[in-house]
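Written out below as structure tokens is the structure these notes cover.
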Amino acid sequence: MKLLSLILPVVFSVSAMAEMPRFIAHRGASSEAPENTLSAFRLALEQGADGIEGDFRLTSDGEIVCMHDADTKRTADKNLVIANSTYAELAKLDAGSWKSPRFAGEKIPKLGEVLDVLPQGKFFFLEIKTGPAIVDPIRRLLLEKKADTAHVIIICFDPAVIATCREKLPEFQAHLVSSLKDVDQPDKAAAYRKQFEDCKAQGFQFDCRAPVSGEWLKSLGVPLDSWTVDDAATARKVMALGVSFITSNRPSALRRELE
Numbered sequence: 006m007k008l009l010s011l012i013l014p015v016v017f018s019v020s021a022m023a024e025m026p027r028f029i030a031h032r033g034a035s036s037e038a039p040e041n042t043l044s045a046f047r048l049a050l051e052q053g054a055d056g057i058e059g060d061f062r063l064t065s066d067g068e069i070v071c072m073h074d075a076d077t078k079r080t081a082d083k084n085l086v087i088a089n090s091t092y093a094e095l096a097k098l099d100a101g102s103w104k105s106p107r108f109a110g111e112k113i114p115k116l117g118e119v120l121d122v123l124p125q126g127k128f129f130f131l132e133i134k135t136g137p138a139i140v141d142p143i144r145r146l147l148l149e150k151k152a153d154t155a156h157v158i159i160i161c162f163d164p165a166v167i168a169t170c171r172e173k174l175p176e177f178q179a180h181l182v183s184s185l186k187d188v189d190q191p192d193k194a195a196a197y198r199k200q201f202e203d204c205k206a207q208g209f210q211f212d213c214r215a216p217v218s219g220e221w222l223k224s225l226g227v228p229l230d231s232w233t234v235d236d237a238a239t240a241r242k243v244m245a246l247g248v249s250f251i252t253s254n255r256p257s258a259l260r261r262e263l264e
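According to this note's numbering, the sequence shown is numbered sequentially starting from 6.
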């Protein structure tokens, strides 16, 4: 009996570790560094995040840049509309001082630069914030960079973009993102399911505040991710729903709180 009592805690510990999801840094370590910048991505990786998530848009001259909003008003020193600006114009902006003087002079990165800081074996959730026109440029760059098909996951709220990715980027996973607002209403749940099935998404990312059941999510039969989870109670809630990934502004600290 004494031997069994020594073994059991080890067995339970290993089991718990097996159920722990991967923790993805939302726009990098965005609680401490300016979101969607190389500093934020590097810091997240240094802190031990399992991967990073970034948002991408097309410039007027066809470059793919990392920016959540359609314009730079919130996160730079001058307001430019991404789609109407060249990369040369965007590269002149200070994308760091709004967060802290420590990050003064931080630049808006291009997709290729983000890929270059990603270590082997780390996940990269590439969120498309525009329409399907960006898919071909992304495809060319991912192939040029020999991006890891096992760890680069394309995500988007737009089912048309996901459908285009499934057609033009079959080597890479494409996951649909949804707020799942009012999913507890049968007609809404049916509409969300049809949207998911029609675009042939290979994964599903949902708002951690959504009134969704684990049964409904598991019935999709794909890997699950939840955003944006910053506290242990919410993390435990979505873990009970069966998520494989948790997207957080503080991924490494959150994992420590759960271990």
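Think of the CB as a built atom: it goes at the ideal place given N, C-alpha and C, for glycine as much as any other residue.
Quick check on DSSP: helix, strand or coil for Leu50?
Within the sequence shown, the letter at position 45 stands for residue 50. DSSP places Leu50 in helix when its eight states are reduced to three.
Identify whether Val119 lies in helix, strand or coil by the three-state DSSP scheme.
Reading the sequence shown from its first residue, position 114 is the one you call residue 119. In the structure shown, Val119 sits in a helix (DSSP, three-state: H, G or I).
Have a look at Ile265 and Ala165 and give me their C-alpha separation to the nearest angstrom.
This structure leaves residue 265 out entirely; the chain is present only between 6 and 264.
Whose CA, out of Gln190, Leu259, Asp82, lies closest to the CA of Leu95?
Numbered from its first residue, the sequence shown carries residue 95 at position 90. Of the candidates Gln190, Leu259, Asp82, the one whose C-alpha sits nearest the C-alpha of Leu95 is Asp82.
DSSP state of Gln178, grouped into three classes?
The residue given as residue 178 occupies position 173 in the sequence shown. Note: Gln178 maps to strand in three-state DSSP.
Who are the Cβ neighbours of Val188 in its own chain at under 8 Å, not counting the five residues just before and after it?
Walking along the sequence shown from the start, residue 188 turns up at place 183. For Val188, where only same-chain residues beyond five positions count, the Cβ hits under 8 Å are Ala194, Tyr197, Ala215, Pro216, Val217, Trp221.
For Asp76, list the residues DSSP reports as bridge partners.
Taking the sequence shown and counting its residues from 1, one reaches residue 76 at position 71. Looking at the DSSP assignment, Asp76 forms a beta bridge with Val86.
Do Pro114 and Cys71 count as a contact pair if the criterion is CB distance below 8 Å?
Stepping through the sequence shown from its first residue, residue 71 is reached at position 66. Stepping through the sequence shown from its first residue, residue 114 is reached at position 109. Cβ atoms of Cys71 and Pro114: closer than 8 Å.
Do you know how far the Cα of Val248 is from the Cα of Trp103?
Residue mapping note: residue 103 aligns to position 98 of the sequence shown, counting from 1. Residue mapping note: residue 248 aligns to position 243 of the sequence shown, counting from 1. Using only the alpha carbons, I get a separation of about 33 Å.
Assuming the contact rule is C-beta atoms closer than 8 Å, Val119 and Phe46 should be a hit. Round their C-beta distance to whole Å, please.
Here residue 119 refers to the residue found at position 114 of the sequence shown. Here residue 46 refers to the residue found at position 41 of the sequence shown. So it is a contact: roughly 6 Å between Cβ atoms.
Would Glu172 and Thr154 qualify as a contact pair, given that the criterion is a beta-carbon distance under 8 Å?
Within the sequence shown, residue 172 is the residue found at index 167, counting from 1. Within the sequence shown, residue 154 is the residue found at index 149, counting from 1. No, the Cβ-Cβ distance between Glu172 and Thr154 is not below 8 Å.
In angstroms, rounded to a whole number, what distance separates the CA positions of Leu269 and Thr239?
Because residue 269 is not part of the residues shown, which for the chain are 6 to 264, the question remains open.
Which of helix, strand or coil does DSSP assign to Glu264?
By 1-based counting over the sequence shown, the position of residue 264 is 259. Glu264: coil per DSSP, three-state reduction.
Just to confirm my understanding: we take Lys205, look at its own chain, exclude 5 residues before and 5 after, and list those with CB closer than 7 Å. What are they?
Your numbering for residue 205 matches position 200 in the sequence shown. Closer than 7 Å at the Cβ level, and outside the excluded window around Lys205, lie Ala168, Arg171.
Determine the extent of the beta strand (DSSP E) in which Thr252 is found, giving its start and end residues.
Here residue 252 refers to the residue found at position 247 of the sequence shown. 250-253 is the extent of the beta strand (DSSP E) around Thr252.
Indicate the three-state DSSP secondary structure (helix, strand or coil) for Gly247 in the structure shown.
As a working mapping, residue 247 is identified with position 242 in the sequence shown. Coil, per DSSP.
Might you give, ordered along the chain, the residues of its own chain that have their beta carbon closer than 7 Å to the beta carbon of Glu68, omitting 5 neighbours on each side?
The residue given as residue 68 occupies position 63 in the sequence shown. Cβ neighbours of Glu68 beyond the five flanking positions: Tyr92, Lys115.
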